[in-house]
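S.K.: Have a look at this one before I ask anything.
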Amino acid sequence: MFSSHKRSIGLDIADHTIEVAELEEQGKSVRLVSKARVALPSGVVEHGQIKQPERLAEVLRGLFSSTEPRVFSKAPITFGLPESQVYTHTFRFSDLSQKQIDEALPKTVASAIPIPTDKLVFRSLVTYTKGKQTDVVIVATHRDMFHEWEEFFVSHGFSIAAVDSEILASFRDLFVAPVSQPVCVVDIGAMTTFVSIFDAHGLRYTRTIFLAGEDFTQTIAASAQIDHDQAEQEKITFGISASDEKPWRSALVAQIDSVVSALHSTISFFEKTRSEKVNEVIVIGGSAQMPGLIEYVKEKIGYSARMGQSICSDTPLEYIEAVGLARFGLEGDRWKRRDPIFTFSKKADSAVGVAPRLSRKNVMIAAVALGVCVMGLLAYFGYAQYQVSKRLQLAAIVTTTIDIAESIPGAVPTSTPQVFFRIVSSDGQRAPIYEQPTSTAPVITEAEAGERFLILGTDSERGFTQIEVDTLTGWVESTLGEEVVQEE
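Take the sequence shown: its position 159, counting from 1, is numbered 160 in our numbering, and each next residue is one higher.
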């Protein structure tokens, strides 16, 4: 029997895993009715970009047919953009009207997002207004990557109702309702750690730390001179609670300290600029389950800290984003007032998990009944119409996204290596980050040794490097760090 209750599916695709969750609305609550998780073979998706579309489609079809405890329905799907391809920022505008904010926003976003201007698309939403101050949340991504995923889903028969971001989706599975006091969500992924602060109005502040689970594993491997798989197992089994007999423990603790320091400075910066106090810290992501981590974070930062837990009972931590994505599908009207959401302009004709070739086969059988000649004629005109529709729909996506006309100094395409500035300090002093390339300019914040920031440009004459700092652009003395390259 089929349920008459509203349902929604959340689809989370990362480089190495895929999670799918289906929720059902039950009065004022939701229930997890199906879930599935699978390891994705290496090389199918790399840094959020599809490398083997046919293999990915094959894995997805198998996943949709092997769910627990039942096969997925044909409910609408909310897809989460890959974390490595999404930029989420909050901006605060003062003394500007809504019209002036709308006019200033494209240039403001362009100055903060390291994507070429002709390849940048974003969605924005005003989340907070008080007096002369207005806070705006934006979610941005690379246009080519966005179209790549759209073409993949359409061509393989998966109908996507909404396109979401990991930061926003994760919050929806951590709290049944908006929080009354600010909370900090720390998502330690494979490549990046997201530090996000939410309050009653939604996302208020976010920061990306380019130090995460894969870095921890590589540090263990290098320190103990073991292979990657062994290092991953050591991390999972012992984590930060390992004894000093482990040759890698001190190196791992040093990296954790860098993350904790960045977390503490982020919370302090928020509390100072927003005049609000963070109530608790919630840690999620694969490395959140590392033994001893939560206790260590709690001790170091002096805030209440706990591991994240799904609003659906007995749901593993790995499904938090997928459940949050599905929740948007059930309660879209509610969350659209808080979260910027993308949509694809193209829609697949076939049902979820069913390859389009099956639908074409059914159409062909029906056409045979009308005669070979009629079938050939219909096929010809049908294909021509499809090609015209395809071109029109591709043009539509361009008109429904915001084009940025301003140039970004030092912008780096997501398909090429990105260059970061790593703070190096021999005396343990924090490095000041200035508003302008001069030490007489106001200090935005200070950075700890080991922190990394995306390089946006340089001023070689003055000896300063321009970097991305939280939601702002800042300048640091070039002698206080070094350039490091990270593949994106």
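Glycine residues also receive a C-beta, built at the ideal position from the N, C-alpha and C atoms.
Since we're looking at a predicted model, the values are computed, not measured.
Please check the pair residue 213 and residue 193, which I expect to be a contact at CB under 8 Å, by giving their CB distance rounded to whole angstroms.
M.R.: With 8 Å as the limit, residue 213 and residue 193 qualify as a contact, their Cβ atoms being about 5 Å apart.
S.K.: Under DSSP, the alpha helix (DSSP H) around residue 224 begins and ends at which residues?
M.R.: Where residue 224 is concerned, the enclosing alpha helix (DSSP H) stretches over 214-225.
S.K.: From this set, 178, 466, 199 and 179, which residue's C-alpha is nearest residue 186's C-alpha?
M.R.: Comparing Cα positions, the closest option is 199.
S.K.: Is the segment 145-162 in contact with the segment 291-308, if contact means three or more CB pairs nearer than 8 Å?
M.R.: In short, these stretches do not touch, since the Cβ pair count stays below three.
S.K.: Ordered along the chain, which non-local residues of its own chain (more than five positions away) have a Cβ less than 8 Å from that of residue 482?
M.R.: These residues qualify, in order along the chain: 422, 423, 424, 425, 432 and 466.
S.K.: Going straight from the alpha carbon of residue 93 to that of residue 110, what length do you get?
M.R.: Roughly 12 Å between the two C-alpha positions.
S.K.: Would you identify the three-state DSSP class for residue 433, choosing helix, strand or coil?
M.R.: Note: residue 433 maps to strand in three-state DSSP.
S.K.: Throw me the rounded Cβ distance for the residue 82 and residue 313 pair, which I believe falls under 8 Å.
M.R.: Rounded, the Cβ-Cβ distance is 23 Å, inconsistent with contact.
S.K.: Taking the alpha-carbon positions, what's the residue 291 to residue 319 distance?
M.R.: Near 13 Å, if we compare the C-alpha coordinates of residue 319 and residue 291.
S.K.: Drop a sphere of 10 angstroms on the beta-carbon of residue 372, count the other beta-carbons inside from all chains shown, and report buried for 16 or more, exposed for fewer.
M.R.: At residue 372 the pLDDT is 45, less than 50, meaning the model places this residue with poor confidence; the figure from the coordinates comes in the next sentence. Label assigned to residue 372: exposed.
S.K.: Can you tell me where the beta strand (DSSP E) holding residue 282 begins and where it ends?
M.R.: Looking at the DSSP string, the run of the beta strand (DSSP E) that includes residue 282 is 281-285.
S.K.: I believe residue 345 touches residue 161 by the beta-carbon criterion, under 8 Å. Please report the beta-carbon distance rounded to the nearest angstrom.
M.R.: With a Cβ gap of about 5 Å, residue 345 and residue 161 count as contacting.
S.K.: Nearest to residue 24 by alpha carbon, out of 134, 451 and 331?
M.R.: Ranking 134, 451 and 331 by Cα distance to residue 24 puts 331 first.
S.K.: Buried or exposed: residue 170, going by 16 or more other Cβ atoms within 10 Å of its Cβ?
M.R.: Classification for residue 170: buried.
S.K.: Over the uninterrupted beta strand (DSSP E) stretch that includes residue 33, give me the two end residues.
M.R.: 30-40 is the span of the beta strand (DSSP E), which, as asked, contains residue 33.
S.K.: Would you decide whether residue 334 is buried or exposed? Buried here means 16 or more other CB atoms lie within 10 Å of its CB.
M.R.: Exposed.
S.K.: CA-CA distance, residue 271 and residue 20?
M.R.: Whole-angstrom Cα-Cα distance: 32 Å.
S.K.: Answer yes or no: do residue 451 and residue 251 have a C-beta to C-beta separation smaller than 8 Å?
M.R.: In this structure, residue 251 does not lie closer than 8 Å to residue 451 by Cβ.
S.K.: Looking at the structure shown, is residue 72 part of a helix, part of a strand, or coil, going by DSSP?
M.R.: Note: residue 72 maps to coil in three-state DSSP.
S.K.: When you compare the CB positions of residue 438 and residue 463, do they come within less than 8 Å of one another, or not?
M.R.: Going by C-beta atoms, residue 438 is nearer than 8 Å to residue 463.
S.K.: Within 8 Å, do at least three Cβ pairs link the segment 135-142 to the segment 83-103?
M.R.: In short, these stretches touch, since the Cβ pair count reaches three.
S.K.: Taking 8 Å as the cut-off, does the segment 94-107 touch the segment 60-67 (at least 3 CB pairs, one atom from each stretch)?
M.R.: They do not touch, by the three-pair rule.
S.K.: Roughly how many whole angstroms lie between the Cα atoms of residue 315 and residue 190?
M.R.: Spanning the two alpha carbons is a distance of roughly 22 Å.
S.K.: Look at residue 235 and residue 257 and say whether their C-beta atoms are less than 8 Å apart.
M.R.: Not a contact, by the Cβ cut-off of 8 Å.
S.K.: Tell me which same chain residues have a C-beta within less than 8 Å of the C-beta of residue 60, skipping the five on either side of it?
M.R.: Only 19, 39, 41, 42 and 45 meet the Cβ criterion.
S.K.: Since residue 476 sits in a beta bridge, which residues does DSSP pair it with?
M.R.: Bridge partners of residue 476: 435 and 467.
S.K.: Nearest-angstrom Cα distance between residue 283 and residue 469?
M.R.: Near 25 Å, if we compare the C-alpha coordinates of residue 469 and residue 283.
S.K.: Locate the beta strand (DSSP E) running through residue 229, then write down its first and last residues.
M.R.: First-last for residue 229: 229-238, but that is the alpha helix (DSSP H), not the beta strand (DSSP E).
S.K.: Does the distance between the C-beta of residue 188 and the nearest non-hydrogen atom of the ligand PLP fall short of 7 Å?
M.R.: Absence of the ligand PLP is noted for the structure shown, with no ligands found whatsoever.
S.K.: Taking C-beta to C-beta, are residue 342 and residue 208 nearer than 8 Å?
M.R.: No. Outside cutoff.
S.K.: I'd like the ranges of any beta strand (DSSP E) spanning at least 3 consecutive residues and lying wholly in the segment 156-200.
M.R.: As far as the segment 156-200 is concerned, its whole beta strand (DSSP E) runs of at least 3 residues are 161-165, 184-189 and 194-200.
S.K.: Would you please state the rounded distance, in angstroms, between the beta carbons of residue 201 and residue 181? I believe it to be under 8 Å.
M.R.: Sure, about 6 Å apart at Cβ, within 8 Å.
S.K.: Quick one: Cα of residue 75 to Cα of residue 325, how far?
M.R.: About 18 Å.
S.K.: Considering residue 449, what are the terminal residues of the beta strand (DSSP E) in which it resides?
M.R.: Taken as a continuous stretch (DSSP letters only), residue 449 belongs to no beta strand (DSSP E), as it is neither H nor E.
S.K.: Buried or exposed for residue 179, going by 16 or more other Cβ atoms inside 10 Å?
M.R.: So residue 179 ends up on the exposed side.
S.K.: For residue 287, which residues in the same chain have their Cβ closer than 6 Å to its Cβ, ignoring the five residues on either side in sequence?
M.R.: Counting only Cβ-Cβ distances below 6 Å, and skipping sequence neighbours, we find 214.
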